[in-house]
Amino acid sequence: LSGKKPTKEIFQKMGQAGVLAGRIGPGKHLKLIDRPDGKIFGMPIDKFDYFAESILHEEISRLACPGFVDGLGSGMTIGLPPVLQFGPEWMQKKIGTEVLSGEKRIALAITEPFAGSDVAGVHLTADLTEDGSH
2 LSGKKPTKEI
12 FQKMGQAGVL
22 AGRIGPGKHL
32 KLIDRPDGKI
42 FGMPIDKFDY
52 FAESILHEEI
62 SRLACPGFVD
72 GLGSGMTIGL
82 PPVLQFGPEW
92 MQKKIGTEVL
102 SGEKRIALAI
112 TEPFAGSDVA
122 GVHLTADLTE
132 DGSH
């Protein structure tokens, strides 16, 4: 155990194999990955389901080193879905492709005294601008 973070090369290999995309389950994001054979783990991308995702998570956990496993994309599994769900189409394609290929990493960062790591616990207020438009 070196204490070093997973390398970019590992992320790129995981991206090429479809591991990164598979970790966030079935969905339209799977079309963002470049798979020449149209398959992920030997199955057609459009057949990849939650059962296949659960097998993927189980296999990754067999590394038996939780800190390293978390370094292999736990931040991505909570950071990328909001972009894919709520981001504009251009952002979904750009960020999704870069992250799922292993070229870039993403995470969800929260700094809020009442929320901790629970985004649902964020307290906020909104005030209209003087002209009432925002």
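Per the working numbering, the sequence shown starts with residue 2, numbered consecutively.
Ideal placement from N, C-alpha and C gives every residue a C-beta, glycine not left out.
query, result
"Cutoff 8 Å; reference Y51; Cβ partners in own chain excluding five residues on either side", "G26, P27"
"Rounded Cβ spacing between M92 and V84 (contact assumed at less than 8 Å)", "6 Å"
"Own chain, CB closer than 6 Å to I96, minus 5 neighbours either side, in chain order", "V84"
"M77 beta carbon near the ligand NAP (any heavy atom closer than 6 Å)", "In the structure shown, the ligand NAP is absent, as is every other ligand, since no ligand is present at all."
"Residue environment, M44, which counts as buried when at least 16 other CB atoms sit within 10 Å", "exposed"
"Three-state class that DSSP yields for I41 in the structure shown", "strand"
"Cα-Cα separation between Q17 and C66, rounded to whole angstroms", "23 Å"
"Cβ-Cβ separation, A108 to G76 (assumed contact under 8 Å), whole Å", "3 Å"
"Three-way DSSP call (helix, strand, coil) for S134 in this model", "coil"
"Ranges of the alpha helix (DSSP H) found wholly within the segment 47-104, counting only runs of at least 4", "51-62, 67-72, 75-87, 90-101"
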